[in-house]
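Shown next, in structure tokens, is the structure this report addresses.
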Amino acid sequence: MAAMRPDTHVTRLPTSSIASRPIHVERATTPHMPHCVVLPVLEPVGERRPPVHIYVGSETAQVRAQRIFLFSIEKVRDPQREYRIYLLKNMAGFDRHHWRTGFTNYRYAIPTLAEGQGRAIYNDVGQIYLEDPARLFDLPMGGHGYLALSPEETSVMLLDCERMAHYWNQDTARRYSKQNLLHHVEHITGLWAPLDASWNTRDEEYADQTPRLLHFTALHQQPWQPMPDRYSYQPHPLADIWFGLEREADVQGYGPFSAATPSPWFEGALSTLQALSSAAFSPGRTARDTAEYLSLQALLWCRPAQHADNPPLPAACYRTCTPAELISELQTSPADELTPLDSVAVTHLLEHLPAEDIPWVLEQLAQRSRRLLYVGLELSTNVHQGLPLSMTHWWRQQLRRLNRHHPHLSWHLDIRRGSRRKMEVVSSTLPGARLSDVPEHTQPSVWVLTGVHRGDNAQLRLLADWLGWPWEEKPLVFRARSMRLLQGARPTLQILHPGNRNQFAPPWPDIVLGIGRRSVNVARWIRRESGQRTQLFWLGRPRVALDHFDLIATTPQYGLPARDHIIHNLLPLNRPNHDDAAREAWRQHLSALPRPWLGVMIGGATRAKPFPVEDAVRMARQACALARDRGGSLLVSTSPRTPPDVTTAFFEQIDVPAFTYDWQTHQGGDNPHQAYLALCDGFIVSDDSASMMAEAITTRQPTWIYALESVSPSFTNRLFNALHDWLCRRTRQLNHRGVHRQQNWQGRFHDFLFTRGLLVRPRDLNLLDRTLRIRGLIQPLADGPASDPEARRSIPMNDELEATVEEMRLRAGERYRQE
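Read left to right, the sequence shown gives residues 52 to 870 (this note's numbering).
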């Protein structure tokens, strides 16, 4: 895919300035009209071009996606142009009960909302722009009424509002179903014209297109997981692109709303809040203990005016204010002009605000607190009523996000739900996890559980080193397999050899790092002995109930579902070991070979994928053809797992300039592997090893994969695969729009079993291959002419190791309990 091509006639502002750019909010005059977010002209030059009008279908549960949609526009917009973004959300006069989404029919009212004049773009909220929407807005329409992928695919449209007002308007959008509205126009000659598919690249279509707009179409795969009451979410192969945008927005402190420019719903929420009456909120035991431990001196307490003047937390002195007084202070008194207090406590406020405004309110509170931010919430007993504010993990995300810019701050969250006796308690009181240059005793202590697999151990040690906390390796020596099976997944050390158990004794660590399923029993035993204080951060697939873990970082071949505490990386964690002197020596040694240099990484047989001699011959011939086609050379290396006959067969087929290294012959000595990673212009890799693929792909050089045939699975694995295929078959089918059908009860039941450890799936490297191909990171090594990797360049991967480490630092010390 070609790189996103900037307009050579437009000056782009640095993205670092996005959070500080001005926006305006124009509130609708009636509840039947949409509010408008205006991105004003940033660089007035010459004659002003018409504003770009964008109508985005959204709903309350989609606030997270809405924010990133707006951020994506800010990243690629023309600074010399105005953008008017109308939020089609919670508009009066529509019966939404039979809509699939909360905004289905709003789009057909756009001609009326635009007063039957000019052009308008329509977007679903689950989309991100990769190129300036002004280019879509300015496309020639040739007299047609609307441009879309097809007459019925209206998730992205460019409308001529004057022409379409007769067919689609506010009256017809209220009276008729989506199907009837589409049927009404599909036979009118010349009304519809096709839109270039790059302006609505849906899910897996990314593999074959150069996208200008990326659409996360399958509702059960939307990375931000807006509706857990309807869907059991699955990972999206392009989720890393969306999460990368969100991470960038978080780092920049992007709102888009702020104390200076709150959301259009903010004023109404304040009016409603002032009329509310509520009982006093009493913090839980853990919150009071935390405050006493911190010896708070000065506390600001926000509570309703009718409540008794008793502070929720112990402090030497305190000041109270009502929600209205606090909001007025936040909007009129910049935090940098105030002296921060030890602590700020807020009750009966945040849960009554629009979700769009909560981030900036929390940010203002964090700026006013040196040590502790306390939040008390009264939420519905129905955790899915009023999404996203009803979800505990959404509030945890908001508070956790604060620590990016306020690493010193501890926070505590108490949630009461109706008349339930127990309160949900979440605390994060380990700021040493996020601060550098602090004493070791203030940082988390870490135990790393290692085993017999070198690749697994390498990932764990790399992660521990990057976290930068004091860590201790605990090598595990297991008893016979039969004894391990008898223990199941319960917390125990009985699976270990008796002499290996003595290393586990207090003081218990703050965090345990582990990988796979073998060490799960040990990690759970450590947590139990620590009084549930120890957090479990895991890699891979634990094969037990997933809620035993505080964080899991996994990859596609393991088939885990999407959850708030699961990071779906594309590749295993790795980092090249660059040795500049060795690299330069190898560069000189290989300098006579013609470029480009194509590194060939040969693995070996696994239980799932044998590596017969026939595959070695075929792989060698295809690699030679690729090198010959490009006029280059092969730099070949085998691995410790490569059988000698495979090595011999491969080397005998080489008929192009090449350098070969046989690991078995040299027993790993003077290995050029790391130099290859630094020097080669492309890579050819056998697909038996996810780690080898990761090493090649993370160089950001073109990577070709040689696919080995999978063996027939065992009877047990065939049984599990058949059950999985039956339960998930619906979401593999395409609907009339050419996108995946939505999840039904079978898919949700599959996840119910899987997340509880009742259903397992064999590791599937083919699923990893498929995900990487969709993502545009690999291409198949084929017999015919190879495609030019420069012809289609995918969006670069984010640094997954860095992102995983950052998430672990933010979650370190965060504990959930009920009391």
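Cβ atoms here follow ideal geometry from the backbone N, Cα and C, with glycine treated the same way.
The beta carbon of residue 522 lies closer than 6 Å to those of 497, 499, 515 in the same chain, with the five residues before and after it left out.
With 16 or more other Cβ atoms from the protein chains shown falling within 10 Å of its own Cβ, residue 212 counts as buried. Contact fails between the stretch 705 to 713 and the stretch 732 to 742, because fewer than three Cβ pairs, one in each stretch, are under 8 Å apart.
The beta-bridge partner set that DSSP reports for residue 525 consists of 500.
By the neighbour-count definition (other C-beta atoms within 10 Å, threshold 16), residue 770 is an exposed residue. By the Cβ criterion, the stretch 603 to 610 is in contact with the stretch 571 to 590, since at least three pairs of Cβ atoms, one from each stretch, lie closer than 8 Å. As DSSP reads the structure, residue 652 sits in a beta bridge with 688, 736.
In the DSSP annotation of this structure, the continuous segment of the beta strand (DSSP E) that includes residue 602 starts and ends at 602 to 605.
The alpha-carbon of residue 804 is positioned some 11 Å away from that of residue 283.
Shown here, residue 395 sits in a strand according to DSSP, grouped into three states. Residue pairing of residue 174 in beta bridges, as defined by DSSP: 107, 207.
Within the same chain, and ignoring the five residues on either side of residue 791 in sequence, the residues whose Cβ sits closer than 6 Å to its Cβ are 269, 782.
Under the criterion of beta carbons closer than 8 Å, residue 659 and residue 761 qualify as touching, at roughly 6 Å. For residue 86, the enclosing beta strand (DSSP E) covers residues 86 to 90.
Note on residue 625: 16 or more other CB atoms within 10 angstroms of its CB, so buried under the neighbour-count rule. Here the C-alpha atom of residue 655 lies approximately 11 Å from the C-alpha atom of residue 696. CA-to-CA, the gap between residue 233 and residue 859 works out to about 48 Å. Scanning 396, 404, 416 for the CA closest to the CA of residue 381 turns up 416. Under the Cβ criterion (8 Å, minimum of three pairs), the stretch 539 to 554 does not count as touching the stretch 475 to 489. Residue 711: not part of any alpha helix (DSSP H); member of the beta strand (DSSP E) spanning 709 to 712, first to last residue. Spanning the alpha carbons of residue 240 and residue 831 requires a straight line of approximately 43 Å. Per DSSP, the unbroken beta strand (DSSP E) holding residue 420 starts and ends at 420 to 430. In terms of Cβ geometry, residue 133 and residue 92 form a close pair [threshold 8 Å].
Separation of the CB atoms of residue 793 and residue 623 is rounded to 31 Å, and the pair is thereby denied contact status at 8 Å. A direct Cα-Cα distance of roughly 31 Å separates residue 474 from residue 796. Beta-bridge partners assigned by DSSP to residue 467: 429.
Fully enclosed beta strand (DSSP E) runs of no fewer than 3 residues occupy 586 to 590, 602 to 605, 617 to 619 of the stretch 579 to 628, in order along the chain.
Residue 296 places its beta carbon less than 8 Å from that of residue 122.
According to the DSSP assignment, residue 778 belongs to the alpha helix (DSSP H) that extends over 766 to 783. At the C-beta level, residue 801 and residue 778 come within 8 Å of one another. Contact between residue 426 and residue 450 holds: their C-beta atoms lie close to 7 Å from each other, under 8 Å.
Taking 8 Å as the upper bound for CB-CB distance, residue 105 and residue 137 are in contact here, some 7 Å apart. The closest CA to that of residue 468, considering only 432, 97, 447, is found on 432. By the C-beta density criterion, residue 344 is exposed, having fewer than 16 other C-beta atoms within 10 angstroms.
Its Cα nearest to that of residue 845, the residue 824 stands out among 357, 824, 612.
For residue 833, there is no enclosing alpha helix (DSSP H), since its DSSP letter is neither H nor E.
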